[in-house]
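A.B. asks: Quick note on our numbering: the sequence shown kicks off at 4 and runs consecutively.
My questions will all concern the structure given below.
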Amino acid sequence: MTPAVPRSAAAGRDLPLAFAPRLIAWQRHHGRHGLPWQHTRDPYRVWLSEVMLQQTQVSTVLAYYPRFLAAFPNVQALAQASSDQVMALWAGLGYYSRARNLHRCAQTVVTEHGGVFPASAEQLQALPGIGASTAAAIAAFCHGERVSIVDGNVRRVLSRLLAFDQDLAHLASQRALWDLAQRLLPHAPSPDDMVAYTQGLMDLGATVCLRSKPLCERCPVNSRCAAKAADAVGCYPVKSKAVKRRHESWWLLVLRLRLADGVDRFWLQRRPAPGIWAGLYCPAVFASEELLMAALSSGASEGVEHLDPMAHSLTHRELRLHPVLVTATADQTFGSDGLWVSASELAQRGLPTPVRALYQRLVA
Ligand code: SF4
């Protein structure tokens, strides 16, 4: 059973002075050193990795990061790319607003900053899609700025270390924790110290101070950790707001065109923005089977096959996808923002993960 949250030890008390030097020393000996976005001071590479790592596991990003860099090796290349090219390389990473902001940010850096990212965290935050923590990571890694990251992992570490008992669902509490994070920074650090410290915060959250079952015996600051001292690690971070997911059913019209050349084509529409999967390609979506069948009645088709439904979880929604495969005998279309795509061209389009899996089954 989780013990009651003890009274906060963070507010107004002495912060653990040894935290920064211990973390730096630990990172240099026990932290992660082989990630492909480390050992660079190129803001473009650091920014790209930070955006990809928001809400996405390192193991997933490891596959996407080199592919993205190979296609867009610098901010100019990304700025010049079409949104279709960007979305195609992002497809599967989820949280697609990140890709749209990434593209917009690259264009802003090129048009308004001559292709050079601003150096300070404050200026970086003015760019599209760059929040305070991402800006701090770029400024600390690339320029040694004395500024703290505070992403979800770091909030967990610091709230335990300091027994920070304010509800992190509230912005004011997040700001208060940020202030404490700033006070924990190393004093007069060299740029290399800031790199080790920032990476150390990330590494501690990702490999030791885990969400469940933290490895406190391996933690470099366990003797200074207020939550551990109070035997109340499970009480932190305090966050009251639970995400409630809405259940929704989508009916997908998987329209297949069979022509005399023997090459199947599929009708795809670009999802509107704002909304789920905005900018990605998808079969036409209907809110009910009746609406889908009504749309079909106007066109020539042979055979309607209900495929197995699929479940897909988003941050705020549980989607139940009902694909209906229809083989069209004439060149029907459904809306203006769509196109017929051959099986071989599907790979070049940005498709949401469950939609890609569906087509892979169909063309296998
Ligand atoms: Fe996290 Fe445990 Fe270290 Fe405290 S001692 S910071 S709870 S890993």
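Here a beta-carbon is modelled for each residue, glycine too, at the ideal position from N, C-alpha and C.
How is GLN128 classed by DSSP in three states: helix, strand or coil?
C.D. replies: Along the sequence shown, one-based indexing puts residue 128 at 125. Looking at GLN128 - three-state DSSP - the assignment turns out to be coil, as it is neither helix nor strand.
A.B. asks: Would you decide whether THR114 is buried or exposed? Buried here means 16 or more other CB atoms lie within 10 Å of its CB.
C.D. replies: Within the sequence shown, the letter at position 111 stands for residue 114. The residue in question, THR114, is exposed, as its Cβ has fewer than 16 Cβ neighbours within 10 Å.
A.B. asks: Keeping to the same chain, check which residues put their C-beta closer than 8 Å to that of LEU299; ignore five residues upstream and five downstream.
C.D. replies: Indexing the sequence shown from 1 puts residue 299 at position 296. Hits under 8 Å: LEU256, VAL307, VAL329.
A.B. asks: GLN272 lies in the alpha helix (DSSP H); which residues open and close that run?
C.D. replies: If you number the sequence shown from 1, residue 272 lands on position 269. No alpha helix (DSSP H) holds GLN272; the beta strand (DSSP E) holding it covers 268-273.
A.B. asks: Any idea which residues DSSP pairs HIS315 with across the strands?
C.D. replies: Numbered from 1 along the sequence shown, position 312 holds the residue referred to as residue 315. Looking at the DSSP assignment, HIS315 forms a beta bridge with LEU322.
A.B. asks: Is any heavy atom in the ligand SF4 found nearer than 7 Å to the beta carbon of ALA230?
C.D. replies: By 1-based counting over the sequence shown, the position of residue 230 is 227. Yes, Cβ of ALA230 sits closer than 7 Å to a heavy atom of the ligand SF4.
A.B. asks: Classify SER193 as helix, strand or coil using the three-state DSSP reduction.
C.D. replies: The residue given as residue 193 occupies position 190 in the sequence shown. Looking at SER193 - three-state DSSP - the assignment turns out to be coil, as it is neither helix nor strand.
A.B. asks: Please return the same chain residues whose Cβ sits closer than 7 Å to the Cβ of ALA138, not counting the five positions on each side in sequence.
C.D. replies: The residue labelled residue 138 in the question sits at position 135 within the sequence shown. Correct list, in chain order: ALA124, LEU127, GLN128.
A.B. asks: For the ligand SF4, is there any heavy atom lying closer than 7 Å to the beta carbon of ASN156?
C.D. replies: By one-based count along the sequence shown, residue 156 stands at place 153. Because no heavy atom of the ligand SF4 lies under 7 Å away, the Cβ of ASN156 does not count as near it: no.
A.B. asks: Using the Cα positions of TRP50 and VAL160, report the straight-line distance between them to the nearest angstrom.
C.D. replies: As a first step, residue 50 must be located in the sequence shown, where it is residue number 47. As a first step, residue 160 must be located in the sequence shown, where it is residue number 157. Roughly 23 Å separates the two Cα atoms.
A.B. asks: Determine the burial state of GLU321: buried for a count of at least 16 other Cβ atoms within 10 Å of its Cβ, exposed for fewer.
C.D. replies: Working through the sequence shown from its first residue, we reach residue 321 at position 318. GLU321 should be labelled exposed.
A.B. asks: Is it the case that the Cβ atoms of PRO46 and ILE133 are separated by a distance below 8 Å?
C.D. replies: The residue labelled residue 46 in the question sits at position 43 within the sequence shown. The residue labelled residue 133 in the question sits at position 130 within the sequence shown. Not a contact, by the Cβ cut-off of 8 Å.
A.B. asks: Would the beta-carbon of CYS222 be found less than 7 Å away from any heavy atom of the ligand SF4?
C.D. replies: One-based indexing of the sequence shown puts residue 222 at position 219. Result yes, Cβ under 7 Å from the ligand SF4.
A.B. asks: Do the segment 167-184 and the segment 97-116 meet, that is, are 3 or more Cβ pairs less than 8 Å apart?
C.D. replies: Counting Cβ pairs under 8 Å, fewer than three are found: no touch.
A.B. asks: Cβ of TRP253 within 8 Å of Cβ of LEU324?
C.D. replies: Reading the sequence shown from its first residue, position 250 is the one you call residue 253. Reading the sequence shown from its first residue, position 321 is the one you call residue 324. Yes. Within cutoff.
A.B. asks: Taking GLY155 as the reference, which of LEU26, ALA184, ALA235, ALA80 has the closest Cα?
C.D. replies: By one-based count along the sequence shown, residue 155 stands at place 152. Measuring from the Cα of GLY155, the nearest candidate turns out to be ALA184.
A.B. asks: May I have the straight-line CA-CA distance separating CYS145 from ASP196, to the nearest angstrom?
C.D. replies: Taking the sequence shown and counting its residues from 1, the one referred to as residue 145 is at position 142. Taking the sequence shown and counting its residues from 1, the one referred to as residue 196 is at position 193. If you take the alpha carbons of CYS145 and ASP196, they lie about 12 Å apart.
A.B. asks: Given 7 Å as the limit, tell me if PRO286 has its C-beta closer than that to any heavy atom belonging to the ligand SF4.
C.D. replies: Within the sequence shown, numbered from 1, the residue matching residue 286 stands at position 283. Checking the Cβ of PRO286 against the ligand SF4 gives no.
A.B. asks: Could you say which of VAL150, GLY95, ASN77, LEU317 lies nearest to ALA122 if we only look at CA atoms?
C.D. replies: Taking the sequence shown and counting its residues from 1, one reaches residue 122 at position 119. Among VAL150, GLY95, ASN77, LEU317, the Cα nearest to that of ALA122 belongs to VAL150.
A.B. asks: What is the DSSP secondary structure of ALA253, reduced to helix, strand or coil?
C.D. replies: Translated into positions along the sequence shown, residue 253 becomes position 250. A small fix is needed here, since residue 253 is Trp in this sequence, not Ala. Residue state for TRP253 is assigned as strand, using DSSP reduced to three classes.
A.B. asks: Based on DSSP bridge pairs, tell me the residues matched to GLY34.
C.D. replies: Position 31 of the sequence shown holds residue 34. GLY34 pairs with nothing; no bridge assigned.
A.B. asks: Helix, strand or coil: which one does DSSP assign to ARG186?
C.D. replies: Against the sequence shown, residue 186 aligns to sequence position 183. Three-state result, ARG186: helix.
A.B. asks: Report whether the distance from the Cβ of LEU204 to the nearest heavy atom of the ligand SF4 is below 7 Å.
C.D. replies: Taking the first residue of the sequence shown as position 1, residue 204 is located at position 201. LEU204: no, Cβ never under 7 Å from the ligand SF4.
A.B. asks: Tell me where the beta strand (DSSP E) around LEU342 begins and ends.
C.D. replies: In the sequence shown, the residue the question calls residue 342 occupies position 339. 341-345 is the span of the beta strand (DSSP E), which, as asked, contains LEU342.
A.B. asks: Tell me which same chain residues have a C-beta within less than 7 Å of the C-beta of THR356, skipping the five on either side of it?
C.D. replies: The sequence position of residue 356 within the sequence shown is 353, counting from 1. So the qualifying residues of the chain are GLY95.
A.B. asks: Taking buried to mean at least 16 other C-beta atoms within 10 Å of its own C-beta, is LEU361 buried or exposed?
C.D. replies: By one-based count along the sequence shown, residue 361 stands at place 358. Burial state of LEU361 is buried, judged by a 10 Å Cβ sphere holding 16 or more other Cβ atoms.
A.B. asks: Can you tell which of HIS250, VAL78, SER345, LEU283 has its C-alpha closest to the C-alpha of SER316?
C.D. replies: Here residue 316 corresponds to residue number 313 of the sequence shown, with the count starting at 1. Nearest of HIS250, VAL78, SER345, LEU283 to SER316, Cα basis: HIS250.
A.B. asks: Would you list the one or two residues that DSSP bridges to THR356?
C.D. replies: Taking the first residue of the sequence shown as 1, we reach residue 356 at position 353. Answer is none; THR356 lacks a bridge partner.
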